[in-house]
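Asks:
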Amino acid sequence: MSYPAQAFTVMDAADVPHGQFFRFEENWYFSVLFTNGPTESIGAIQLTGQDAGICWTTPSGRSLAIAFPYTVTLRFDEPPTKPGVMTPAAIYIGDETFFRTHNRINTQFTFGIDGRMIKEDIAAYHGFQAQKWEGWLHDGQKPIAPLFKVGEDQQV
5 MSYPAQAFTV MDAADVPHGQ FFRFEENWYF SVLFTNGPTE SIGAIQLTGQ DAGICWTTPS
65 GRSLAIAFPY TVTLRFDEPP TKPGVMTPAA IYIGDETFFR THNRINTQFT FGIDGRMIKE
125 DIAAYHGFQA QKWEGWLHDG QKPIAPLFKV GEDQQV
């Protein structure tokens with residue numbers, strides 16, 4: 005696949021704004037904002053690779069981030085299923101999409117598509133999770149090409 009060079013920018017993973025997708029080393033991540041009382045910190049959900057599904061609390065290192073005005077849109081390959089244990093899950097609730105993830109000690113977290121942490125575990129009560137989905141590079145008017153796939157085979 006070919007992508008326009010201007011669709012990407014290099015920055016430290018800790019500086020990628022929450023709600024943005026980025027590539028670090030060989031894997032794709034989604035930048036999130038952890039909140040603990042008045043304290044906020046940047047984290048990242050690993051979407052592909054061996055540790056897919058883990059939410060890291062201190063991302064750092066040179067990453068390849070999506071540059072404005074480009075975005076990543078989600079495409080779902082198969083009908084969603086009821087919540088369960090699976091890869092980094094995209095959750096449908098009405099017309100909204102959320103991410104469900106966990107840390108190394110299996111504490112569950114839910115984040116909105118804007119990257120903000122959601123305190124209530126809405127996924128436990130509503131919605132469906134997609135086991136297979138893709139992140140597509142989008143130029144604001146049309147999709148360009150897939151960047152990554154999330155699912156059983158964890159293709160990049």
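Using the working numbering, read the sequence shown as starting at 5 and increasing by one per residue. Where a beta carbon is used, it is the ideal one built from N, C-alpha and C, also for glycine.
1. Would you report the Cα separation of Gly139 and Val14, rounded to the nearest angstrom?
2. What three-state label does DSSP hand Ala11 in the structure shown?
3. Given a threshold of 16 other Cβ atoms within 10 Å of its Cβ, counted over all protein chains shown, does Pro63 qualify as buried or as exposed?
4. Does the separation of the CB atoms of Ala48 and Ala17 fall below 9 Å?
5. What residue from Glu29, Gln24, Phe28 has the CA that sits closest to Pro73's CA?
6. Count the other C-beta atoms from every protein chain shown that fall within 10 angstroms of the C-beta of Lys146, then say buried if there are 16 or more, exposed otherwise.
7. For Phe26, I'd like the list of residues in its chain whose CB is within less than 6 Å of its CB, leaving aside the five on either flank, ordered along the chain.
8. Is the beta carbon of Ala11 closer than 9 Å to that of Val154?
9. Taking Cβ to Cβ, would you say Gly119 is nearer than 9 Å to Ser35?
10. Determine the burial state of Gln50: buried for a count of at least 16 other Cβ atoms within 10 Å of its Cβ, exposed for fewer.
11. Going by DSSP in three states, Met90 sits in which element: helix, strand or coil?
12. Entirely within the region 38 to 65 and at least 3 residues each: give me those beta strand (DSSP E) ranges in chain order.
13. What is the DSSP secondary structure of Asp16, counted as helix, strand or coil?
14. Pop quiz: Thr162 and Phe152 are said to be a contact at Cβ under 8 Å. What is the actual Cβ separation, rounded to whole angstroms?
15. Taking the C-alpha atoms as reference points, what is the distance between Lys136 and Arg79?
16. In angstroms with no decimal places, state the Cα-to-Cα distance between Glu30 and Gly65.
Replies: Concretely, from the data shown:
1. 19 Å
2. Note: Ala11 maps to helix in three-state DSSP.
3. buried
4. Yes, Cβ-Cβ distance for Ala48 and Ala17 is below 9 Å.
5. Gln24
6. Lys146 comes out exposed.
7. Val20, Tyr33, Ser67, Ala69
8. no
9. yes
10. Counting every other CB atom within 10 Å of its CB across the protein chains shown gives Gln50 a total of 16 or more, marking it as buried.
11. Confidence in Met90 is poor, its pLDDT being 47 and thus under 50, which makes the residue's placement too unreliable to answer from.
12. 43 to 50
13. strand
14. This structure cannot settle anything about residue 162, because the visible part of the chain is limited to 5 through 160.
15. 9 Å
16. 12 Å
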